[in-house]
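Inspection log for the structure reproduced underneath, given as structure tokens.
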Amino acid sequence: MNIAAKVWRQADLRGSKVAVRSARLDLSYADLRERSSRLAGAVRAAGLEPADRVVLICPTVPEFPVAYYGLAAAGTTVITMNTMSTVPEIEYVLADSGASLVLAWHENAGAARSAAGAAGVPFRELGDGARSDAAPLAEVHEFAQDDTQVILYTSGTTGRPKGAELTARNLDTAATMLLDGFDFRVEDRFATALPLFHVFGQAAVLNSALANGASISLLAPFDAAALLDVIRRDAITLVSGVPTMWTALLQAAREGAPADFGTLRYATSGGAALPLEVLREFEERFGCQILEGYGLTETCAIATTNDARTTRKPGTVGRPAPGVSIEIRDEANRPAEPGAVGEVHVSGPTVMKGYWNRPEATAETMTGGWLRTGDLGVLDAEGYLTIVDRIKDLIIRGGYNVYPREVEEVLITHPDVVEVAVLGVPDSYYGEEVAAVLALRPGSAVPARELKAWAKDRLAAYKVPRLYHFVDALPKGSTGKILKRGLDRSALLSVAVRG
């Protein structure tokens, strides 16, 4: 079992078909296999053996799949890292994983080269086209189902990053389990500007497209106008992204109509909660459905999904993906009643093997095959999951629970609000006070008191933010997800205005 074998098989079935498109380089399936097989040969010739760890640092360019599938074919365990990683961050992963090689895209090679040199780890630069003169590897390495094929380090918001071990079976399953849900056709043309070093772009999008014979158009960095051009130019049928990308596309396509994007059948959304107002506006403007799902690094980005075959429930992240089970559990770790809020637990074929060399962390997170997600959610009677919030983001104001997502859903419907993050800040009387950090439409100067009135008409009094801070844009991670940890709660008290 090896995800690379599925991609190489497509070269036998449809070798001349374009597999990967970009503004700079297109690769057919035959090209992709030939280049990745030579890269695999070079890795083996350098003395690396199956299960050796290799750090890959590369943006969303055609050379990423060449390197990714080449390393997989050679049997190495691939560790993909953010292209913005610093020298200390790379050094930490090299030491923690015991990596034997660093392979980095030439435009992002500085920090990687320095970190590799400091750690005494061999370094190779990945150039344009990812060509190699090495003899090609003839046969793909065969992993056992439970062998670790990929390690992805988590963000480390509660400590040093941990490496989630994704197995050959995890990746193989994730590449096929959603195809029926969005009515997959081999003629489909995927597109994404998601970072491929992240689990969503890698396991749920890239592998789904290329392991099954479709094509994928890649864009880096994300730019809304450029992605609109890709959708038109390449007659895209399925585009994948995160909520902030959909908001940006709406801003860039103000004059667009559904007919301008006539080939687009579906958009898949994940990574963060999708505001209902954004979903509604996107579907009106682009004339296609957004299929929202839910997953984590530890589940190959796939746990639940809305799909094209069944009734969608906007505002939910759908029902469990095929073979996946979802449970909501209370604080005593007991199954909660339908409709009750509790921690989301996931079990199934996409759930990771564990954390690399972290038996205690693995035992704390995984029990009896169930993964504790750290997310608060609720299941309805039909099995649709609604994510309420992260447990750590819950605000307790004067003894009342306030779920930031609920407040954000209200504020984002205001016509002048483009982005919003709601969080709790220390308060001597209530314990925590509800604060909103907002980015407004260009030229808007809506006052805090108007936003407070807007929220007050739609929320219980204790949920209404009292503090408002306006910024040009909210901090975002590599996937475009809003990073609340990038907001200084203590500093917010000095700059926010009271509504």
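In the working numbering, the protein residues as written are 535 to 1033.
For glycine and all other residues, C-beta sits at the position ideal for the given N, C-alpha and C.
Put simply, of Pro938, Ala855 and Gly932 the residue whose alpha carbon is nearest the alpha carbon of Ser962 is Gly932.
By the criterion of at least three beta-carbon pairs nearer than 8 Å, the region 627–640 is not in contact with the region 535–546.
In the structure shown, Lys696 adopts coil according to DSSP, grouped into three states. Minimum Cα-Cα distance from Ala759 among the listed residues Leu740, Ser749, Ala727 and Val739 corresponds to Ala727. Here Thr896 carries a helix assignment [DSSP, helix/strand/coil].
By alpha-carbon distance to Val968, the top candidate from Leu957, Pro976, Thr778 and Leu974 is Leu957. The secondary-structure analysis by DSSP pairs Ile929 across a beta bridge with Val936. Within the region 572–633, complete alpha helix (DSSP H) segments of at least 4 residues are found at 597–607 and 621–631, given in chain order. With respect to the 7 Å criterion, Ala973 and Val941 are not classified as neighbours on the basis of their beta carbons. In the DSSP annotation of this structure, the continuous segment of the alpha helix (DSSP H) that includes Leu784 starts and ends at Pro777 to Ala786. Residue state for Asp923 is assigned as strand, using DSSP reduced to three classes. Taking C-beta atoms under 8 Å as the contact rule, Arg555 and Asp768 qualify, at a distance of about 6 Å. Between Leu582 and Val612, the C-beta gap is not smaller than 7 Å, which leaves the two residues out of contact.
Sequence-distant Cβ neighbours of Thr899 in its own chain, meaning closer than 7 Å and more than five residues away, are Leu905 and Arg906. Of all C-beta pairs linking the region 615–634 to the region 665–672, fewer than three are shorter than 8 Å, placing the two stretches out of contact. The residues Leu910, Val912 and Val922, in chain order, have a CB closer than 6 Å to that of Val875 in the same chain once the five nearest residues on each side in sequence are set aside.
With 16 or more other CB atoms across the displayed protein chains lying within 10 angstroms of its CB, Gln736 is buried. Note that the region 882–900 does not touch the region 766–782; fewer than 3 beta-carbon pairs, one per stretch, sit closer than 8 Å. For Glu673, there is no enclosing alpha helix (DSSP H), as DSSP marks it with neither H nor E. Here Glu877 is bridged, per DSSP, to Arg863 and Leu910. In the three-state reduction of the DSSP assignment, Asp961 falls in the strand class, which pools E and B.
Taking all protein chains in view, the Cβ of Tyr934 is surrounded by fewer than 16 other Cβ atoms within 10 Å, so the residue is classified as exposed.
Between Glu943 and Pro809, the gap from beta carbon to beta carbon is short of 7 Å. Each residue's CA atom was taken as its position, placing Tyr626 and Pro848 some 41 Å apart. For the options Arg1032, Lys1018, Thr1013 and Ala1025, the alpha carbon positioned closest to that of Ala754 is the one of Thr1013. Within a 10 Å sphere around the beta-carbon of Gly852 sit 16 or more other beta-carbons, which makes this residue buried. For the pair Arg1032 and Arg1000, the CB atoms are nearer than the 7 Å cut-off. Collapsing the DSSP output to three states places Leu830 in coil. Going by C-alpha positions, Val674 is about 10 Å away from Ile537. By the criterion of at least three beta-carbon pairs nearer than 8 Å, the region 693–705 is in contact with the region 823–835. Partner residues in the beta bridge of Gly888, as assigned by DSSP, are Glu699. Positions of the beta strand (DSSP E) runs, each at least 3 residues long and wholly inside the region 797–849, are given as 800–803 and 823–828 in order along the chain. Here Ala955 is bridged, per DSSP, to Val971. Residue pairing for Ile750: DSSP places it in a beta bridge opposite Val554 and Phe724. For the beta strand (DSSP E) assignment, the uninterrupted runs of no fewer than 3 residues enclosed by the region 994–1031 are, from N- to C-terminal side, 1001–1005. Sixteen is the threshold: when 16 or more other Cβ atoms of the shown chains lie within 10 Å of the Cβ of Gln683, as they do, the residue is buried.
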